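Trainee: Numbering (our numbering), first residue to last: 1 to 90.
Glycine included, each C-beta is placed from N, C-alpha and C at the ideal position.
These numbers come from a predicted model, not from an experiment.
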């Protein structure tokens with residue numbers, strides 16, 4: 001495999017530009033809800049379909065996976081804290 005080089009700053013700018021670009025071109029306001037704080041997964045998938053660049057696609061998927069792993073770790077941590085609190089109650 002080739003070395004995995006990642007420039008997150010560049011990458012985020014690209015995805016933002018793409019999703020905003022899609023919104024500007026959408027004829028229906030319904031298609032473009034007020035831009036969410038986080039681009040929705042659907043938007044990301046649309047961007048993936050529109051892109052034929054396999055490296056970009058795998059980069060986006062890797063980033064999404066990393067986001068999810070962080071969320072899972074955070075939720076596990078919260079669960080542990082709650083269980084600990086629970087144990088202390090009894």
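What is the DSSP secondary structure of residue 74, counted as helix, strand or coil?
Mentor: It is helical.
Trainee: Distance, Cα to Cα, residue 65 vs residue 74?
Mentor: About 14 Å.
Trainee: For residue 89, is the classification buried or exposed, using 16 other Cβ atoms within 10 angstroms of its Cβ as the cut-off for buried?
Mentor: With fewer than 16 Cβ atoms within 10 Å of its Cβ, residue 89 is classed as exposed.
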